[in-house]
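Enquirer: Chains as they are written, first to last, in the working numbering: chain A, 1 to 254; chain B, 1 to 220. Using N, Cα and C, we set each Cβ at its ideal position, and we do this for glycine too. Let me begin by handing over the structure; questions about it come next.
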């Protein structure tokens with residue numbers, strides 16, 4: 001049997017907030033070990049769609065879904081889904097760096113400790129490995145006991161990535177991960193994404209079209225809750241097929 | 001982005017300006033030969049620096065727009081096309097200078113025989129240049145495809161011109177120096193037609209995002 005390269009298979013998928021339909025009949029496959037970017041104007045439903053992939057929307061009262069959203073062929077929204085386990089396998093990094101108000105070490109070991117890992121040597125190993133993968137180890141290895149909040153913005157964001165990586169996720173969802181960062185920190189995160197791609201699948205929501213163009217393999221353009229165009233990033237930015245996409249990416253929208 | 005649209009409009013204007021300067025250079029260079037008017041030939045040679053300066057200016061403008069506006073999609077294709085066709089136009093200007101240089105030399109010599117193939121080639125070539133530029137302005141039409149097709153006519157005339165002159169040269173080796181220059185002129189025109197073809201191919205890319213270079217007779 002050929003291995004299915006699509007880690008997520010979304011089909012005719014709707015997301016509602018009460019009566020408001022935020023995502024309309026979206027069909028989209030996310031390929032493993034690729035970076036998929038979702039772009040579109042504010043309110044187009046891109047973050048809503050992203051958050052549905054690890055059921056972060058469950059936390060929003062009145063939100064509900066229709067249609068199919070499969071992770072490894074299994075319905076994400078099935079009543080038997082272990083949501084905690086889903087969120088371990090599908091991690092998330094947000095726009096504003098949000099380390100816990102505790103040490104760098106505790107930030108990274110939080111997840112593993114919750115999962116019951118207590119052995120110091122194992123936790124030490126996890127911390128080093130996650131921080132190395134997040135390209136932060138060299139900068140913080142001598143201040144693991146200092147507060148995560150004392151780091152710079154870019155370092156805090158990489159700490160949040162390390163915290164997610166300590167959970168050994170298969171997928172990382174990024175919601176505007178660099179919009180609060182300066183250009184150098186942004187480049188660091190973008191380089192990191194390309195490195196992480198070897199081991200995890202990445203979905204990133206970004207307002208920065210150049211960022212989508214720089215880092216992603218595939219790009220989805222959403223507008224008013226609909227998926228207008230989805231394709232290889234090279235094609236979408238050079239020769240988009242849909243007029244709305246063309247207008248949006250050339251800055252002639254509305 | 002009204003400012004950007006204006007900048008793109010200005011860029012297009014500059015390219016058309018360059019295009020018409022090149023059209024004049026090609027026309028005058030052929031005239032200077034056929035009408036044996038060496039003053040006109042000198043004028044073509046003297047004016048070439050204007051073409052070069054405009055080419056450089058357009059290139060700089062394109063680089064500036066890429067850096068400052070980060071163009072995407074059709075804007076990106078327009079600007080990359082602009083950069084490439086500017087190079088083609090500048091080369092056409094150089095070839096017009098080459099024709100003018102040969103004209104000055106050949107006008108010193110007695111007329112070998114009336115010019116027949118060269119004016120024909122020049123006519124088709126100039127039409128190709130004009131149509132390629134029209135296509136650039138008007139965008140998606142059949143015009144660029146027609147330009148590409150016409151290149152074959154010019155190639156055939158180049159070959160015909162060469163074999164005719166070869167027969168002359170075999171019969172009378174004394175005429176070789178001037179006959180060879182005639183084959184050069186035909187070759188220059190053939191190269192100009194090739195550059196017009198390049199422009200037409202780039203216009204198709206600009207409109208459709210499809211690369212048709214190195215394809216046998218592309219269809220719309």
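Can you tell me which of 87(A), 55(A), 231(A), 67(A) puts its alpha carbon nearest to the alpha carbon of residue 169(A)?
Expert: Nearest C-alpha to residue 169(A): 87(A).
Enquirer: In chain B, which residues lie less than 7 Å from residue 222(A) when you measure between Cβ atoms?
Expert: Here the premise fails: no neighbours, minimum Cβ distance about 17 Å.
Enquirer: What are the residues of the stretch 234-251 of chain A that lie near chain B, defined by any Cβ-Cβ distance shorter than 7 Å?
Expert: Those residues of the stretch 234-251 of chain A that come within reach of chain B (Cβ to Cβ, closer than 7 Å) are 237, 238, 239, 240, 246, 249, 250, 251.
Enquirer: Helix, strand or coil: which one does DSSP assign to residue 143(B)?
Expert: Note: residue 143(B) maps to helix in three-state DSSP.
Enquirer: With which residues is residue 37(A) paired in a DSSP beta bridge?
Expert: Its beta-bridge partners are 204(A), 219(A).
Enquirer: Considering residue 93(B), what are the terminal residues of the alpha helix (DSSP H) in which it resides?
Expert: That run of the alpha helix (DSSP H) goes 73-107.
Enquirer: Mind listing which residues of the stretch 201-214 of chain A have their C-beta closer than 8 Å to chain B's C-betas, in chain order?
Expert: Those residues of the stretch 201-214 of chain A that come within reach of chain B (Cβ to Cβ, closer than 8 Å) are 209, 210, 213.
Enquirer: Can you tell me the Cα-Cα spacing of residue 123(A) and residue 147(A), whole angstroms?
Expert: Using only the alpha carbons, I get a separation of about 18 Å.
Enquirer: Are the C-beta of residue 196(B) and some C-beta of chain A separated by less than 8 Å?
Expert: Cβ-Cβ to chain A under 8 Å: no for residue 196(B).
Enquirer: Using a 10 Å radius around the Cβ and a threshold of 16 neighbouring Cβ atoms, would you call residue 213(B) buried or exposed?
Expert: By the neighbour-count rule (16 or more Cβ atoms within 10 Å), residue 213(B) is not buried but exposed.
Enquirer: How is residue 17(A) classed by DSSP in three states: helix, strand or coil?
Expert: If DSSP states are grouped into helix, strand and coil, residue 17(A) belongs with the strands.
Enquirer: Below 8 Å, how does it come out for the stretch 192-208 of chain B and the stretch 41-50 of chain B: are there three or more Cβ pairs, yes or no?
Expert: Not touching, per the Cβ criterion.
Enquirer: Given this structure, state the Cα-to-Cα distance separating residue 173(B) from residue 125(B), to the nearest angstrom.
Expert: Near 30 Å, if we compare the C-alpha coordinates of residue 125(B) and residue 173(B).
Enquirer: According to DSSP, residue 231(A) sits in a beta bridge with which residue or residues?
Expert: In DSSP, residue 231(A) forms a bridge with 219(A).
Enquirer: Residues of chain A with CB under 7 Å from residue 75(B), in chain order?
Expert: Here the neighbours are 250.
Enquirer: DSSP three-state label for residue 247(A), please.
Expert: DSSP places residue 247(A) in helix when its eight states are reduced to three.
Enquirer: Step through the CB atoms of chain A and report whether any lies within less than 8 Å of the CB of residue 139(B).
Expert: It does not: the Cβ of residue 139(B) has no partner Cβ on chain A nearer than 8 Å.
Enquirer: I'd like to know if the stretch 132-152 of chain A and the stretch 90-107 of chain A are in contact, where contact means that at least 3 CB-CB pairs between them fall below 8 Å.
Expert: The stretch 132-152 of chain A is in contact with the stretch 90-107 of chain A.
Enquirer: Between the C-alpha atoms of residue 83(A) and residue 55(A), what's the straight-line distance to the nearest angstrom?
Expert: When rounded, the distance between both Cα atoms is 7 Å.
Enquirer: Pick helix, strand or coil for residue 66(A), following the three-state DSSP scheme.
Expert: If DSSP states are grouped into helix, strand and coil, residue 66(A) belongs with the strands.
Enquirer: Do residue 7(A) and residue 201(A) have their beta-carbon atoms positioned less than 8 Å apart in this structure?
Expert: Yes, Cβ-Cβ distance for residue 201(A) and residue 7(A) is below 8 Å.
Enquirer: Give me whichever residues DSSP pairs with residue 94(A) in a beta bridge.
Expert: In DSSP, residue 94(A) forms no bridge with anything.
Enquirer: Which same chain residues end up closer than 7 Å to residue 93(B) when comparing Cβ atoms and leaving out the 5 residues on each side of it in sequence?
Expert: Answer for residue 93(B): 22, 25, 48, 51, listed in chain order.
Enquirer: Apart from the five residues on each side of it in sequence, which residues of its chain come closer than 8 Å, Cβ to Cβ, to residue 154(B)?
Expert: Cβ neighbours of residue 154(B) beyond the five flanking positions: 121, 124, 125, 128, 189, 190, 193.
Enquirer: For residue 133(A), tell me which candidate among 249(A), 164(A), 51(A) has the shortest Cα-Cα distance.
Expert: Answer by Cα proximity: 164(A).
Enquirer: In angstroms with no decimal places, state the Cα-to-Cα distance between residue 30(A) and residue 49(A).
Expert: If you take the alpha carbons of residue 30(A) and residue 49(A), they lie about 12 Å apart.
Enquirer: Would you kindly check if the distance between the Cβ of residue 181(A) and the Cβ of residue 161(A) is under 8 Å?
Expert: Result no, Cβ atoms of residue 161(A) and residue 181(A) do not sit closer than 8 Å.
Enquirer: In terms of residues, what are the limits of the beta strand (DSSP E) holding residue 171(A)?
Expert: Here the beta strand (DSSP E) through residue 171(A) covers 171-175.
Enquirer: Tell whether a beta-carbon distance below 8 Å holds between residue 173(A) and residue 28(A).
Expert: No.
Enquirer: Given the structure, does residue 168(B) come close to the ligand ZN, in the sense that its CB is under 7 Å from one of the ligand's heavy atoms?
Expert: Looking at this structure, you won't find the ligand ZN or any other ligand, since it has none at all.
Enquirer: Could you check which residue in 61(B), 151(B), 176(B), 185(B) has the C-alpha nearest to that of residue 115(B)?
Expert: Closest option to residue 115(B), Cα to Cα, is 185(B).
Enquirer: Mind checking the stretch 185-217 of chain B against chain A and listing, in chain order, the residues whose C-beta falls within less than 7 Å of any C-beta there?
Expert: Residues 209.
Enquirer: Quick check on DSSP: helix, strand or coil for residue 75(A)?
Expert: It is a strand residue.
Enquirer: Tell me residue 8(A)'s beta-bridge partners as DSSP assigns them.
Expert: Residue 8(A) pairs with 30(A), 71(A).
Enquirer: Any beta carbon from chain A within less than 8 Å of residue 83(B)'s own beta carbon?
Expert: Judged by the 8 Å Cβ criterion, residue 83(B) is not in contact with chain A.
Enquirer: For the stretch 245-253 of chain A against the stretch 65-77 of chain B, do three or more pairs of beta-carbon atoms, one drawn from each stretch, fall closer than 8 Å, so that the two count as touching?
Expert: Contact between the stretch 245-253 of chain A and the stretch 65-77 of chain B is present, because at least three Cβ pairs lie under 8 Å.
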